[in-house]
Structure formats: structure tokens, C-alpha cells
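Peer 1:
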Amino acid sequence: MRLPHFEYVKPVTLEEGLKVLEQSSTKARILAGGTDLLVNMKYRVIRPEIVMGIKSLPELCIVSSGSNGSVTIGSCVTLTDLAKNSLIAENYPALRAAVTSVASKHIRNMGTIGGNVCLTTRCWYYNQSKLWRDGREVCHKAGGTVCHAIKGSTRCNAINNSDTIPVLIALNATMVLKKKGSERLIPSKEFFRDDGIRYTVLEPDEILTALLLPENNGNSNTTFIKVCSRKGLDFAWGSIAASVTGSNGTCNQVRLVLGSIASAPLILEKTSQVIIEGGLSEQSIEKAAETARSELGTLTNLFTSAGYKRDLAQVLVKRALGELQGQMKKKRRTKA
Amino acid sequence: MKQIITLKVNGDTHQVAVPPWHTLLEVLRDQLGLTGTKRSCGMGTCGVCTVIMDGKAILSCLTLAVECEGHEITTIEGISDEGMLNPVQKSFIENGAIQCGFCTPGIIMSAKALLDENPHPDDEQIREALSGTFCRCTGHIKTVEAVKKVSASYEKGKNDGQ
Chain Z
5 MRLPHFEYVK PVTLEEGLKV LEQSSTKARI LAGGTDLLVN MKYRVIRPEI
55 VMGIKSLPEL CIVSSGSNGS VTIGSCVTLT DLAKNSLIAE NYPALRAAVT
105 SVASKHIRNM GTIGGNVCLT TRCWYYNQSK LWRDGREVCH KAGGTVCHAI
155 KGSTRCNAIN NSDTIPVLIA LNATMVLKKK GSERLIPSKE FFRDDGIRYT
205 VLEPDEILTA LLLPENNGNS NTTFIKVCSR KGLDFAWGSI AASVTGSNGT
255 CNQVRLVLGS IASAPLILEK TSQVIIEGGL SEQSIEKAAE TARSELGTLT
305 NLFTSAGYKR DLAQVLVKRA LGELQGQMKK KRRTKA
Chain U
41 MKQIITLKVN GDTHQVAVPP WHTLLEVLRD QLGLTGTKRS CGMGTCGVCT
91 VIMDGKAILS CLTLAVECEG HEITTIEGIS DEGMLNPVQK SFIENGAIQC
141 GFCTPGIIMS AKALLDENPH PDDEQIREAL SGTFCRCTGH IKTVEAVKKV
191 SASYEKGKND GQ
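Protein sequences appear in the order of chains Z and U. Residues 5 to 340 in this note's numbering are what the first sequence spells out, letter by letter. Residues 41 to 202 in this note's numbering are what the second sequence spells out, letter by letter.
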């Protein structure tokens with residue numbers, strides 16, 4: 005499949021890029037690694053008039069640490085470079101695990117962290133060639149009024165398949181969004197919307213310029229698990245990032261985030277509460293995994309069946325918490 | 041609305057006029073005649089279009105040609121030395137890692153990028169590097185074997201000049 009025609013713009017500075025977006029935001033799309041956008045353009049599901057390449061803007065390609073121990077990741081840092089970065093490997097091993105789990109080495113060499121965060125939501129009935137889509141009624145995402153994934157649904161239920169998002173939320177990262185003349189900081193859990201069409205709060209005239217990771221002060225443990233049909237190249241059937249702060253079995257703060265299950269990452273608050281109350285004991289892990297099942301809400305049969313997704317959520321919560329339990333025990337032992 | 045760009049491919053500099061919607065793959069094959077790089081899915085899932093850009097294996101089907109200015113590109117045509125096959129190519133032939141041959145340039149370029157970066161990869165690293173490529177006839181065991189054999193030959197100091 006060939007690409008549709010478009011005008012290519014390559015800004016020399018970020019300012020210039022923001023100006024382009026200000027003037028033609030509805031017609032333009034941002035191109036970084038291209039592994040998501042160009043595929044969607046070939047399928048004719050995204051048809052921008054202007055494509056703005058930003059991956060060579062130097063300020064977007066840097067990973068740096070601040071004086072308060074926080075780490076800033078430029079949105080155009082490629083996944084390969086991020087995985088190799090020592091700041092990330094030492095302080096945020098779970099993020100590194102998520103980054104290296106994305107697709108294949110080729111795609112990680114090209115794709116960027118910003119692109120993975122803004123990854124378009126996917127659906128069997130939408131991410132297909134135009135010919136294929138024309139054989140069915142027009143769905144919500146294509147401007148119609150039906151949903152093929154959940155019959156009768158009044159909204160788009162496409163799935164957010166990003167692998168890095170759950171970890172970024174578990175780490176309480178902040179997104180830096182810039183537009184001409186202003187900048188806003190959005191906590192990662194508020195960055196995503198439960199809507200297959202407008203799945204992030206990013207406005208068309210904004211660029212996600214950086215991700216801020218708070219300092220790893222050594223009090224929390226984070227883990228990431230991805231389940232997919234094979235390790236290389238596939239999108240997840242489901243993934244989980246879990247973070248626990250505390251010691252000696254008591255947990256002050258617990259964050260459990262499921263990815264690739266729904267249109268937005270699922271932040272399991274009730275399930276986390278079970279651990280805060282009961283600590284990381286075998287019983288409360290079991291109870292938390294049960295709670296996760298009921299906390300999921302309506303699920304689609306996209307990519308895997310709804311029943312499987314529920315089972316998977318239970319298993320992922322159990323495995324992730326079990327792993328964190330092990331990590332904390334090990335820490336205690338080394339301290340003693 | 042073509043743009044004139046300068047591409048550095050296999051050490052040669054080419055000036056080509058390309059529309060922005062042409063991918064590197066289209067320019068390599070249709071304008072430069074470098075048809076060793078194959079085209080298949082066009083969606084980044086099969087890996088046959090793999091070329092090496094600045095030392096990294098990338099997919100030329102998902103790279104805009106206009107974004108390749110100032111980068112060093114190596115295709116399968118560029119890895120042989122004065123008519124002599126590259127050790128990776130030789131190893132693929134000797135170990136039967138080839139059948140119909142369509143995916144072979146992509147797999148060889150992926151393997152070459154790995155071996156250039158890490159001459160002694162372990163099994164897991166080889167599998168990881170080749171995971172983005174598909175062979176639908178020979179299978180993947182022999183390709184992994186072939187890469188291992190090249191790596192082993194480096195140890196003996198046979199092909200260090202590579």
C-alpha cells in the first residue's frame with residue numbers, strides 16, 4: 005500500500021513547529037518514528053494534509069536528570085535509546101521492561117516514547133484497508149453511528165495498546181504539552197480519556213514534548229508484565245504495571261494499572277485499596293485479584309474475548325503483586 | 041511537489057527528486073534500482089524491507105525518503121566487498137538459511153546490524169534482533185544457526201576484517 009499525498013514540513017525549532025500547528029492544527033499530523041502514523045495513513049484511516057516531522061528537533065531527543073532527582077525524557081527519544089539509557093535502567097527498571105517489550109527491534113529503533121504514549125487506539129473493524137472498511141457500515145471512529153465491536157454501543161470502543169502507558173501511570177509520570185505561547189503539565193493518569201476516538205487530552209495544536217518521571221527514592225517497587233501471543237512484534241493481549249510504596253508488609257501507596265484491555269488504561273483503585281488495607285499477604289493478593297475482575301466494567305471481544313480479558317486481569321494482578329512481594333522481601337533481606 | 045534530496049546509500053551520494061509521500065523503500069527500488077531490498081507487507085510487520093541506517097536496522101517501508109537526508113544508509117547491495125559475499129551472506133548459504141530467498145535480504149540486514157553492534161550475541165539476543173522479520177518457508181531455526189556460526193567464526197579471528 006502506498007501513502008496518500010500530503011505536504012511535508014520539517015521545522016528547525018520547536019517554536020516553528022508550534023507555529024505550524026497553530027495555523028493548521030486540524031489539517032496537520034505530527035510524525036516522529038512513523039511506525040504508527042504511516043501505517044494508519046497507508047490504511048487511509050488518517051488523512052492529514054500536512055505531515056510535520058519533529059524527530060530531528062534536538063530538544064525532544066534528550067534524557068536528562070533534574071536536581072531533585074527527577075528524570076525528563078524528551079518525547080522523540082527512540083525506544084531503543086531509552087532502553088539503553090543508564091538513568092532509566094538504574095532507576096526505572098519496570099519502564100525499561102515495558103519499553104523493550106514493544107514490538108520488534110526494528111520498530112524500537114524507529115519508534116519514540118512520545119509516539120508510544122500517543123499510540124492510536126486500535127480496533128479490528130477500523131484498522132483495516134479502505135476496501136475492507138467500505139464493506140461495512142461506517143463506525144463511530146470513521147464518522148458514522150455504529151460500533152461493530154459492541155453492537156448498539158453509542159461510543160467508540162477501540163483499544164489502547166500502548167505498552168509504556170501503564171508503567172508511566174504507575175510511576176506517576178507527568179506529560180508536558182506545549183502549544184504556541186503556553187505549556188501545561190498533565191499527570192499521566194489524567195492524560196488518557198476513555199474514548200476510542202479522542203483517547204488523550206492532547207489538543208490538535210499541541211505537541212507532547214516530554215515526560216517527567218518523579219525521583220525514585222528507593223521506597224517503591226514497580227513491576228511490568230505483558231502477555232501476548234509471542235514476544236516479538238505482537239501487541240499485548242493485556243499488560244499490567246504495579247507499584248507499591250511501603251515496607252514490612254504495609255503499603256501506603258499502591259498503583260495498579262492494566263493496559264490493552266479497554267480504550268483507556270484501567271487504573272484499579274478498589275483493587276489497590278485491598279492491598280493498602282491488607283498489605284502484601286497471600287490472602288490479600290488473592291482477594292485483590294478477585295476484586296480486579298469486578299472492577300473492569302464493560303469489556304469488548306476485540307483481539308481477545310471479554311471473558312478472557314477478565315481472567316487475564318485476575319492473573320496479571322496476582323502475578324504482579326506476587327512479584328512485588330518477592331522484591332520487597334529481597335530488599336528487606338539485603339537491608340538486614 | 042517534489043523535493044530534491046541527497047541520499048547517502050552504500051557510500052554513494054545520490055541526488056533524487058522525490059515527493060514527500062514516497063518511502064525510502066520506494067526510492068531505493070524505483071529510483072536507485074536497488075531492488076535487493078524487498079517490499080511485502082508495507083506495514084512494518086514482516087521485516088523484508090530492513091536496511092541499516094546509522095548502524096541500526098530500520099524498516100524502509102515506514103521511513104519517508106525526505107527524512108533520510110544526512111543519514112548513512114546501507115542496503116543488502118552494500119554489504120558485499122568487491123564481489124565477495126559478506127560473512128553473514130556466506131553463512132546463510134552454507135547453513136541453508138535460505139529457501140525462496142525473498143525474506144533473506146531483510147533477515148541478513150537485521151543480523152548484520154546486530155553483529156556490527158555486538159559480535160558475540162547470545163541466543164536470546166539473536167532471536168530478539170530477528171524477531172521483526174518473517175520467513176515463511178525455511179523457518180527461523182536455521183537463520184539463528186547461521187548467525188551463531190558467523191559469530192563463532194569471529195571468535196577464531198577469521199573474519200575480523202568484516
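Idealized CB from N, CA, C, for every residue including glycine. If you're wondering where the values come from, they're calculated on a predicted model, not measured in any experiment.
Mind checking E20(Z): buried by the 16 CB within 10 Å criterion, or exposed?
Peer 2: exposed
Peer 1: Tell me where the beta strand (DSSP E) around K134(Z) begins and ends.
Peer 2: Run containing K134(Z): none in the beta strand (DSSP E); it sits in the alpha helix (DSSP H), 134-138.
Peer 1: To the nearest angstrom, report how far apart L64(U) and N50(U) are at their CA atoms.
Peer 2: 14 Å
Peer 1: Starting from the beta carbon of L68(U), find every residue of chain Z whose beta carbon is closer than 9 Å, and list them in chain order.
Peer 2: Within chain Z, no residue comes near L68(U); the closest Cβ sits about 15 Å away, beyond 9 Å.
Peer 1: Use the C-beta contact count for D138(Z): other C-beta atoms within 10 angstroms, 16 or more gives buried, fewer gives exposed.
Peer 2: exposed
Peer 1: Assuming E26(Z) contacts D315(Z) under a Cβ cut-off of 8 Å, what Cβ separation, rounded to an integer in Å, is found between them?
Peer 2: E26(Z) to D315(Z), Cβ: 47 Å. No contact.
Peer 1: Could you work out which residues of chain U lie near E11(Z), taking near to mean beta carbons separated by less than 9 Å?
Peer 2: M41, P60
Peer 1: With distance defined between alpha-carbon atoms, name the residue in I119(U), I116(U), G118(U), D94(U) nearest to C108(U).
Peer 2: D94(U)
Peer 1: Between T114(U) and the rest of its own chain, which residues show a CB-CB distance below 7 Å, the 5 nearest in sequence each way excluded?
Peer 2: Once the five neighbours on either side are set aside, the close Cβ partners of T114(U) are N50, V91, I92.
Peer 1: Does chain Z have any CB closer than 7 Å to the CB of G117(U)?
Peer 2: A quick correction: the sequence has Glu, not Gly, at residue 117(U). No, E117(U) lies away from the interface with chain Z (no Cβ there is under 7 Å from its Cβ).
Peer 1: Under 7 Å between C-beta atoms, does I98(U) make it to chain Z?
Peer 2: yes
Peer 1: Rank T226(Z), H110(Z), G115(Z) by C-alpha distance to the C-alpha of G326(Z) and give the top, closest one.
Peer 2: T226(Z)
Peer 1: Report the partner residues of F196(Z) according to the DSSP bridge assignment.
Peer 2: T204(Z)
Peer 1: Give me whichever residues DSSP pairs with H54(U) in a beta bridge.
Peer 2: L47(U)
Peer 1: Hey, out of G136(U), K48(U), C101(U), whose CA is closest to V187(U)'s CA?
Peer 2: G136(U)
Peer 1: Would you please state the rounded distance, in angstroms, between the beta carbons of I77(Z) and L217(Z)? I believe it to be under 8 Å.
Peer 2: 7 Å
Peer 1: Within the continuous alpha helix (DSSP H) that includes I111(Z), where are the two ends?
Peer 2: 109-114
Peer 1: On the CB-based measure, 16 or more other CB atoms within 10 Å of its CB, does I265(Z) come out buried or exposed?
Peer 2: buried
Peer 1: Can you list, in chain order, the stretches of the beta strand (DSSP E) that have 3 or more residues and sit fully within the segment 214-276 of chain Z?
Peer 2: 224-231, 242-251, 254-263
Peer 1: Which of the three DSSP states is assigned to K96(U) in this structure?
Peer 2: K96(U) carries a strand assignment under DSSP once its states are collapsed to helix, strand and coil.
Peer 1: Is S108(Z) near Y47(Z), with beta carbons less than 7 Å apart?
Peer 2: Result no, Cβ atoms of S108(Z) and Y47(Z) do not sit closer than 7 Å.
Peer 1: Between which residues of its own chain and N221(Z) is the CB-CB distance below 8 Å, once the five residues before and five after are set aside?
Peer 2: G73
Peer 1: Using the C-alpha atoms, what's the distance from A151(U) back to L206(Z)?
Peer 2: 38 Å
Peer 1: Over what stretch of residues does the beta strand (DSSP E) that includes R188(Z) continue unbroken?
Peer 2: 186-191
Peer 1: Going straight from the alpha carbon of Q129(U) to that of M149(U), what length do you get?
Peer 2: 9 Å
Peer 1: Is the CB of L102(U) under 7 Å away from at least one CB in chain Z?
Peer 2: Interface residue, yes.
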